[in-house]
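Trainee: Those protein sequences? They're chains A and B, same order as listed.
Heads up: the first sequence begins at 18 in this note's numbering, then just goes up one per residue.
Heads up: the second sequence begins at 135 in this note's numbering, then just goes up one per residue.
C-beta: ideal position from N, C-alpha, C; glycine also.
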Amino acid sequence: MTADTEFSNDAVRLMDMPNASAVSFDPVSRRYGLILGTTGFLIWLIPAAVWSGIYASGRIESSVITGPAGFLLPLVILPFLILGGMLIARATGFALREQDVHLKNGVIWQTRTALPFNRIQHVEMERGPIERYFKLATLKFYTAGGGSADMKIPSLPLEDAARIKTYVLQRAGARHDHD
Amino acid sequence: MFSNARGRAMTTTEEVASEQSPAESGVANSPFEGQAAASLAPVLNSKDWQRLSPLAVIHFIVKFVMDFVQGGVQNLAFLGGIVVFTGDSRWLILAGAGLLAVILLLTAGVLSYLNFKFRIDGDAFLIRKGVIQKSRLTLTFDRIQNVALGQPLYFMPFGLVTLALESAGSSGEEVKLAGIAEPLARDIRHHVLSQRRTARHTAAKRAGAEVSSATSETPDLTELTDADVLVAQPLSELVRYGLSNNNIWVVAGVATGALFQQYDSWEPYAIDFVDQNVTPFLGDAPAVLAFAALAGVLVVAAFLMLCSVIGAIVVFYRFKLSHADGRFFRKKGLFERQETSLPDTKIQSLRLNQPWPALLLRRVHGGIKQVGFSGSNVENTSKDTTLIIPSLTGGLAARLVQKVFPGLQWDGITFAPIDPLFVTKTLTYGFLPPALLAAVPLLYFLGAVGALPLLFPLMVLPLVILRWRRYGYFSDGQSAVVRSGLFGTKRTVFAFFKAQGVSLTQSPSQRKRSLATLTILLAGGNVTVPFMPLADAEAWRDRILYEVETSTQPWM
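1. Tell me the DSSP secondary structure of residue 592(B) in three-state form.
2. Please state whether the Cβ-Cβ distance between residue 464(B) and residue 474(B) is less than 7 Å.
3. What number of angstroms, rounded off, separates the C-alpha of residue 154(A) from the C-alpha of residue 624(B)?
4. Does the beta-carbon of residue 504(B) have 16 or more other beta-carbons within 10 angstroms, so that it is buried, or is it exposed?
5. What residues of chain B sit near residue 155(A), judged by a beta carbon separation below 7 Å?
6. Out of 486(B), 188(B), 616(B) and 643(B), state which residue places its alpha-carbon closest to the alpha-carbon of residue 315(B).
7. Determine which residues of the region 34-59 of chain A have a Cβ less than 8 Å from any Cβ of chain B, and write them out in chain order.
8. What does a CB cutoff of less than 7 Å around residue 274(B) pick up in its chain, not counting 5 residues either side in sequence?
9. Suppose only complete runs of 3+ residues qualify. What are the beta strand (DSSP E) ranges in the region 364-434 of chain B, listed by chain order?
10. In chain order, what residues of the same chain lie with their CB nearer than 7 Å to the CB of residue 151(A), ignoring the 5 residues before and after it?
11. My output table needs one value for residue 151(A): the three-state DSSP class, helix, strand or coil.
12. Who pairs with residue 143(A) in a beta bridge, going by DSSP?
13. Round the Cβ separation of residue 491(B) and residue 378(B) to the nearest angstrom and send it over; I've been treating them as touching at under 8 Å.
14. From residue 297(B) to residue 649(B), what distance separates their C-alpha atoms?
15. With a threshold of 16 other CB atoms inside 10 Å of the CB of residue 187(A), please say whether the residue is buried or exposed.
16. What residue does the alpha helix (DSSP H) around residue 683(B) start on, and which one ends it?
17. Could you work out which residues of chain B lie near residue 175(A), taking near to mean beta carbons separated by less than 8 Å?
18. Measuring only the C-alpha atoms, how far is residue 633(B) from residue 178(A)?
19. By Cβ distance, which residues of its chain are closer than 7 Å to residue 467(B), with the 5 residues on each side in sequence left out?
20. Could you name the residues of chain A that residue 567(B) contacts, counting a contact when the two beta carbons are closer than 8 Å?
21. What are the uninterrupted segments assigned as beta strand (DSSP E) that are 3 or more residues long and contained completely in the region 244-326 of chain B, given in chain order?
22. Compute the Euclidean distance between the alpha carbons of residue 595(B) and residue 328(B), then round it to the nearest angstrom.
23. In the region 103-130 of chain A, which residues sit with their C-beta less than 8 Å from some C-beta in chain B, listed in chain order?
24. Name the residue from 119(A), 165(A), 105(A) and 80(A) whose alpha carbon lies nearest to the alpha carbon of residue 54(A).
25. Assign residue 476(B) to one of three DSSP states: helix, strand, or coil.
26. If you run the structure through DSSP and keep just helix, strand and coil, what is residue 690(B)?
27. Using only the alpha-carbon positions, how far apart do residue 116(A) and residue 683(B) sit?
28. Quick test of the definition: if touching needs 3 or more C-beta pairs under 8 Å, does the region 224-240 of chain B touch the region 277-289 of chain B?
29. According to DSSP, simplified to helix, strand and coil, what is residue 167(A)?
30. Just the chain A side, please: which residues come within less than 9 Å of residue 690(B) by C-beta, in chain order?
31. Here's the rule I'm using: 16 or more other beta-carbon atoms within 10 Å means buried, otherwise exposed. How should residue 126(A) be labelled?
32. Do residue 607(B) and residue 550(B) have their CB atoms nearer than 7 Å?
33. First and last residue of the alpha helix (DSSP H) that includes residue 644(B)?
34. Between residue 635(B) and residue 167(A), how many whole angstroms is the CB-CB distance? I'm expecting something under 8 Å.
35. In its own chain, which residues sit with a C-beta less than 7 Å from the C-beta of residue 326(B), not counting the 5 before and 5 after it?
36. Which residue spans inside the region 481-559 of chain B form an unbroken alpha helix (DSSP H) run of at least 4?
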């Protein structure tokens, strides 16, 4: 190919290509942390109940864990669940540009994903029971890349989710009318 | 449920006779191209559902058996267990199981055949299939990516073929008409592909655009000449492929895993076997026994190599890859001649694989990856989106790259290395925790000797360094090459505009050092570059987005 398509960092900057690192991410609903916390709490209930059952039956023999205080042991995990949910929610954000959609997520391993609209095969709106209670929705974007969703924007306010879905599908060109 | 299915079967057997006859007579009377279309007429004009040849029963039975074998290696291990370990009644049990299997297979095969119906309605293929789980499929021609013909051994004497309709969608939409007359299959293929072309033509005209890929849409109209042949592999190359591809070792690994899962059940018998057949001849000196065990392993390895070579010859016999009119054509197969064609636009990436045995033999194995599935291939049930090109010399590989990516200067590639932090992080996160997990209890019970597992990360250090050195990336702004591997190498070549998405991941240490792990989502499998300098990773991402978003070329 010709010299101007030679690939180097300088050439890229010269081309004045849109820099995706400059996008500002919008946060998802503030309730996302609450949802994660609630989900974590519901899952936590199971091992906590199992623990209490075993502890009550007196099968645990330990010099450290004794007396009624032993029942409180599972509570140690709860603050981490809630804190974790809050951190994850704060780290999550999305951005829409004219040509692509961006998502950032992850607290320790921070990931930024970009999907161009003209590669999106279809968009799915998903609402779990907790999300329904809070009038929120999760948007799932599928490309031809794999079986599972390539991008998931969690806990968007319902109207926003619907508007984003319509916008993306319009941009994607509605070539794929099969769901 | 069952009685319902039978009722259906009863009524439809009569239809078979009446429906099958026009198609068959068409075949018999039309050995020539011009008349061949006559075999299509009854299918095209009829509103009746068509059936496969009754011999399709064989196909269904073979398919069930293959599914069983592939799905349950461990089940087979149990069958083997019955043979070896049950007492006098073993043959009775086996015969009973065999008889039951035969009856079940026959019933299932006949029912599957009776419940499989197809017809062409305008610009769509309608298919009904399924015995218990009935499904109805509508495949419009414009969603059919390719039509592949294949001829399994058991269809050869009857002039029947399988016709696979490949669609871009999920694999649930794959359809295979197994057991239709060859002229009819060719006519259907011609009809589907040419109809699709006219549909695209008119659609494009309406949009006022040029149709550039028109010629490439009709593979049947392309006459291949010797000049179009890119790769034609003689037996010697197939032997090389058999010796140097890794598949057999993967199978061997799975088999070994399965064997050791059942370790408890065969261990006493193995000990008995050794006691009765080995020690009386060789004595029980540990050195001799170790030597015998080593020899045994070598014999098994040699046997596996032989299997691999035979498999390579069966699958790739008279392999021929041609390129004409913007399409790749591939023929191969000893028992089942398969012809597949693949338009350039559908290629998502090209993989050049060189496992270490291939490094010794100085060959590279190519694989063209595409979206969706390519039916009709027995060997391709699990990784059916890859068109494998075995045993290429460096020159042939370069020619192949040039064909697929004409703009890429293959010879001038210099790979950029990834950051050495990869080595430290792989050791500390990948190998240190398991070593610590093993060392802590061992230290507690054995004392200082228990610290030995801590040497493990040091022992794998050379391997990790090797792996780090294998990583490399290169791009000319339009296409890119990513290299990885351990002893051998794997190079993936792809065009930026074919990407489906990009993601950048940073761990805290990567953030501190301005590094990132870049993952490029491709329709034929993802490509990852770990510990890439952040500036490069962001430049790749921005360039990929730019290429995808400004591209007007068809990508699948």
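Mentor: Let me lay it out:
1. Your numbering for residue 592(B) matches position 458 in the second sequence. Helix, per DSSP.
2. Looking up residue 464(B) in the second sequence gives position 330. Looking up residue 474(B) in the second sequence gives position 340. Their beta carbons are under 7 Å apart, which means residue 464(B) touches residue 474(B) by this criterion.
3. Mapped onto the first sequence, residue 154(A) falls at position 137. Mapped onto the second sequence, residue 624(B) falls at position 490. Distance between the alpha carbons of residue 154(A) and residue 624(B): 41 Å.
4. Within the second sequence, numbered from 1, the residue matching residue 504(B) stands at position 370. Classification of residue 504(B): buried, given that the 10 Å Cβ count is 16 or more.
5. The residue labelled residue 155(A) in the question sits at position 138 within the first sequence. In chain order: nothing, as chain B lies at least about 18 Å away.
6. Residue 315(B) sits at position 181 when you count from the first residue of the second sequence. Just measuring C-alpha positions, the residue of 486(B), 188(B), 616(B) and 643(B) sitting nearest residue 315(B) is 188(B).
7. Listed by position, the residues of the region 34-59 of chain A near chain B (Cβ gap below 8 Å) are 34, 35, 36, 37 and 38.
8. Reading the second sequence from its first residue, position 140 is the one you call residue 274(B). Closer than 7 Å at Cβ, skipping near neighbours: 257 and 258.
9. Within the region 364-434 of chain B, no complete beta strand (DSSP E) run reaches 3 residues.
10. Counting from one through the first sequence, the residue named residue 151(A) turns up at place 134. Excluding sequence neighbours, residue 151(A) sits near 48 and 52.
11. Looking up residue 151(A) in the first sequence gives position 134. In the three-state DSSP reduction, residue 151(A) falls in the coil class, being neither helix nor strand.
12. Here residue 143(A) is taken as the residue at index 126 of the first sequence, counted from 1. Looking at the DSSP output, residue 143(A) sits in a beta bridge with 155(A).
13. The residue you call residue 491(B) lines up with position 357 of the second sequence. The residue you call residue 378(B) lines up with position 244 of the second sequence. About 4 Å separates the two Cβ atoms, so the contact holds.
14. Stepping through the second sequence from its first residue, residue 297(B) is reached at position 163. Stepping through the second sequence from its first residue, residue 649(B) is reached at position 515. One C-alpha to the other measures close to 49 Å.
15. Along the first sequence, one-based indexing puts residue 187(A) at 170. It counts as exposed.
16. Here residue 683(B) is taken as the residue at index 549 of the second sequence, counted from 1. Taken as a continuous stretch (DSSP letters only), the alpha helix (DSSP H) holding residue 683(B) covers 668-684.
17. Within the first sequence, residue 175(A) is the residue found at index 158, counting from 1. Going along chain B, no residue has its Cβ under 8 Å from residue 175(A), so there is no contact; the nearest lies around 25 Å.
18. What you label residue 633(B) is simply residue 499 of the second sequence in a count that begins at 1. What you label residue 178(A) is simply residue 161 of the first sequence in a count that begins at 1. A straight-line Cα-Cα distance of about 25 Å links residue 633(B) and residue 178(A).
19. In the second sequence, residue 467(B) corresponds to position 333, counting from 1. Excluding its 5 nearest sequence neighbours in each direction, residue 467(B) has C-beta neighbours in its own chain below 7 Å: 449 and 451, listed in chain order.
20. Position 433 of the second sequence, counted from the start, is the residue given in the question as residue 567(B). Within 8 Å Cβ-Cβ: nothing; residue 567(B) doesn't reach chain A, min ~16 Å.
21. DSSP runs (the beta strand (DSSP E)) wholly in the region 244-326 of chain B: 251-255, 258-263, 269-274, 278-285, 294-301 and 309-315.
22. Taking the second sequence and counting its residues from 1, the one referred to as residue 595(B) is at position 461. Taking the second sequence and counting its residues from 1, the one referred to as residue 328(B) is at position 194. If you take the alpha carbons of residue 595(B) and residue 328(B), they lie about 58 Å apart.
23. Taking 8 Å as the cut-off between beta carbons, the residues of the region 103-130 of chain A near chain B are 116, 117, 123, 125, 126, 127, 128, 129 and 130, in sequence order.
24. Here residue 54(A) corresponds to residue number 37 of the first sequence, with the count starting at 1. It is 105(A).
25. The sequence position of residue 476(B) within the second sequence is 342, counting from 1. DSSP places residue 476(B) in strand when its eight states are reduced to three.
26. Stepping through the second sequence from its first residue, residue 690(B) is reached at position 556. Coil at residue 690(B), not helix or strand.
27. Reading the first sequence from its first residue, position 99 is the one you call residue 116(A). Reading the second sequence from its first residue, position 549 is the one you call residue 683(B). Here the alpha carbons of residue 683(B) and residue 116(A) stand approximately 6 Å from one another.
28. The region 224-240 of chain B vs the region 277-289 of chain B: no contact.
29. Mapped onto the first sequence, residue 167(A) falls at position 150. Coil at residue 167(A), not helix or strand.
30. Your numbering for residue 690(B) matches position 556 in the second sequence. Ordered by position in chain A, the residues that pass the 9 Å Cβ test against residue 690(B) are 161.
31. For the purposes of this step, residue 126(A) is taken as the residue at position 109 of the first sequence. That one is exposed.
32. On the second sequence, position 473 is the one that residue 607(B) refers to. On the second sequence, position 416 is the one that residue 550(B) refers to. Less than 7 Å divides the Cβ of residue 607(B) from the Cβ of residue 550(B).
33. What you label residue 644(B) is simply residue 510 of the second sequence in a count that begins at 1. From DSSP, the alpha helix (DSSP H) with residue 644(B) extends over 642-646.
34. Within the second sequence, the letter at position 501 stands for residue 635(B). Within the first sequence, the letter at position 150 stands for residue 167(A). With 8 Å as the limit, residue 635(B) and residue 167(A) qualify as a contact, their Cβ atoms being about 6 Å apart.
35. Indexing the second sequence from 1 puts residue 326(B) at position 192. Within the same chain, residue 326(B) has close Cβ partners 275, 278 and 281.
36. Counting only runs of 4 or more, we get 490-495, 528-538 and 555-559.
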